[in-house]
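A.B. asks: Before I ask anything, let me first share the structure, which is written out below as structure tokens.
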Amino acid sequence: MKTWGKQQTIDNVVCTKGFIEFGNKQHVSVYTFLTEGFSIDVGANTIPFLQETLLQQKPEAIILTHHHEDHTGNGAFVEKHLHIPQYIHPLSVDDMRVTANNPQYRRDVWGTRPAFHAEPLHETFHAKSTWDVLHTPGHAFDHVALFNRNTAQLFAGDLFVAPKIKIMLEGESYSTLLHSLRFIQTIDYGTLFCSHAGLVDDARSLIDQKIAYMEEFADEVMTLHRQGKDADEIVAQLLPYKAIMEAISDGEWSRRYLVETVIQEAPELFALV
Ligand SMILES: [Zn+2]
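What follows is the structure, given as structure tokens:
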């Protein structure tokens with residue numbers, strides 16, 4: 001496993017991207033952002049470039065978008081070296097005090113997430129600008145997006161990531177994610193920064209596409225479900241190609257979970273339309 005990083009400043013935001021490359025040349029990546037003197041997320045602790053960046057940037061505070069270890073993995077490193085407050089959604093404050101017990105494949109890639117002290121986020125926080133903390137669960141129960149009222153920048157964490165969903169992580173909620181995506185479209189944001197895609201050009205229309213895709217996919221699943229097909233048959237018909245993550249994660253990410261979640265959450269899904 002090889003890691004490296006790169007940095008770019010866009011709209012007064014220092015965007016730091018950390019990469020992890022595997023033997024087969026496939027790679028994963030995650031961003032941290034520095035703006036108005038604070039950092040959004042701290043990244044995975046398997047990427048030294050992100051740790052060096054934190055030491056160089058010396059942020060005055062950290063806001064964490066959600067508890068996943070690729071976003072919080074350096075929380076203990078920050079606590080040891082920087083002595084600054086780190087904030088997360090109130091639902092995850094207690095969990096951060098305990099080292100995460102994640103499956104081995106995640107520890108191999110992103111590292112463990114050692115215990116550290118986090119403080120609860122409030123609905124707004126004040127840096128140079130006033131920021132709204134928008135609870136946007138679905139990908140994770142504690143997920144927040146951060147909206148700068150002055151600049152209309154939106155830091156969307158893992159809310160967007162890609163315009164289509166073909167696989168889901170155990171614990172994600174399809175209907176809640178869809179609800180959060182619809183909610184975010186009611187916010188008058190300009191630029192959108194994603195924790196895995198960086199600055200997203202034309203984000204508003206891509207999120208519209210994602211919402212439309214999710215609605216259509218749920219319709220297709222429910223049509224087949226009503227015809228008596230089970231989850232495996234629906235997967236074979238709608239998502240015939242196995243994603244790499246499915247093999248790597250020993251099924252923690254799966255097409256089956258995605259389909260089952262749609263079926264289980266159908267009452268909420270269709271009530272929201
Ligand atoms: Zn995540």
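Residue numbering for the sequence shown is 1 to 273, as defined by UniProt numbering. Positions of the beta carbon are idealized from the N, C-alpha and C atoms, including for glycine.
#1: Got a sec? Which residues, its chain only, sit under 7 Å from ASN12 by beta carbon, not counting five neighbours each side?
#2: Please report the distance separating the alpha-carbon of VAL98 from that of GLY73.
#3: Answer yes or no: the CB of ASP41 versus the heavy atoms of ligand 1, is any distance below 7 Å?
#4: Tell me, to the nearest whole angstrom, how far the beta carbon of ASP158 is from that of HIS89; I am working on the premise that it is less than 8 Å.
#5: From the DSSP output, in three-state form, read off PHE125 for me.
#6: State the CB to CB distance for the pair HIS225 and ILE234, rounded to an integer number of angstroms; the pair is presumed to be in contact (CB under 8 Å).
#7: When every heavy atom of ligand 1 is checked, does at least one fall within less than 7 Å of the C-beta of ASP201?
#8: Can you tell me whether HIS179 is helix, strand or coil according to DSSP?
#9: Beta carbon of ALA156: closer than 7 Å to some heavy atom of ligand 1?
#10: Can residue 287 and ALA152 be called in contact, C-beta distance under 8 Å?
#11: Only counting the same chain, and skipping five residues up and downstream in sequence, which positions put a Cβ closer than 6 Å to that of THR53?
#12: Under 8 Å by Cβ, that's how I've got PHE38 and ALA127 pegged, so tell me the actual separation to the nearest angstrom.
#13: Could you tell me which residues DSSP puts in a beta bridge with THR130?
#14: Let me know the beta strand (DSSP E) ranges lying completely inside the segment 9-48, each 3 residues or longer, listed in chain order.
#15: Just to confirm before moving on: does the CB-CB distance between ALA231 and ARG256 stay below 8 Å?
#16: So does the segment 2-9 actually touch the segment 46-61, counting three or more Cβ pairs closer than 8 Å?
#17: To the nearest whole angstrom, what separates the beta carbons of LEU134 and ALA145, a pair I think is in contact under 8 Å?
#18: How is the alpha helix (DSSP H) around ILE88 delimited, first residue to last?
#19: Within 8 Å, do at least three Cβ pairs link the segment 177-190 to the segment 59-72?
C.D. replies: According to the structure shown:
#1: On the sequence shown, residue 12 is found 12 positions in, with the first residue counted as 1. The residues are THR35.
#2: The count along the sequence shown starts at 1 and reaches residue 98 at position 98. The count along the sequence shown starts at 1 and reaches residue 73 at position 73. Looking at the two C-alpha atoms, the distance is approximately 12 Å.
#3: As a first step, residue 41 is located in the sequence shown; it is residue number 41 there, counting from the start. No, the beta carbon of ASP41 sits no closer than 7 Å to any heavy atom of ligand 1.
#4: Taking the first residue of the sequence shown as position 1, residue 158 is located at position 158. Taking the first residue of the sequence shown as position 1, residue 89 is located at position 89. With a Cβ gap of about 13 Å, ASP158 and HIS89 do not count as contacting.
#5: In the sequence shown, residue 125 corresponds to position 125, counting from 1. Here PHE125 sits in strand by DSSP.
#6: Residue 225 sits at position 225 when you count from the first residue of the sequence shown. Residue 234 sits at position 234 when you count from the first residue of the sequence shown. About 7 Å separates the two Cβ atoms, so the contact holds.
#7: Position 201 of the sequence shown, counted from the start, is the residue given in the question as residue 201. Incorrect: ASP201 has no Cβ contact closer than 7 Å to ligand 1.
#8: Position 179 of the sequence shown, counted from the start, is the residue given in the question as residue 179. It is helical.
#9: Here residue 156 refers to the residue found at position 156 when the sequence shown is read from its first residue. No, the Cβ of ALA156 stays beyond 7 Å of every heavy atom of ligand 1.
#10: Residue numbering for the chain in the displayed model covers 1 to 273; residue 287 lies beyond these limits and cannot be assessed.
#11: As a position in the sequence shown, residue 53 is number 53, starting the count at 1. Cβ within range, chain order: THR16.
#12: Along the sequence shown, read from residue 1 onward, the residue named residue 38 stands at position 38. Along the sequence shown, read from residue 1 onward, the residue named residue 127 stands at position 127. Indeed, because the Cβ distance is near 6 Å, the residues count as touching under 8 Å.
#13: As a position in the sequence shown, residue 130 is number 130, starting the count at 1. Partner(s): HIS126.
#14: 13-21, 27-35, 38-40
#15: Indexing the sequence shown from 1 puts residue 231 at position 231. Indexing the sequence shown from 1 puts residue 256 at position 256. Yes, Cβ-Cβ distance for ALA231 and ARG256 is below 8 Å.
#16: yes
#17: Here residue 134 corresponds to residue number 134 of the sequence shown, with the count starting at 1. Here residue 145 corresponds to residue number 145 of the sequence shown, with the count starting at 1. So it is a contact: roughly 5 Å between Cβ atoms.
#18: Start at 1 with the first residue of the sequence shown, and residue 88 comes out as number 88. Looking at the DSSP string, ILE88 is not in any alpha helix (DSSP H); the run it does join, the beta strand (DSSP E), is 86-88.
#19: no
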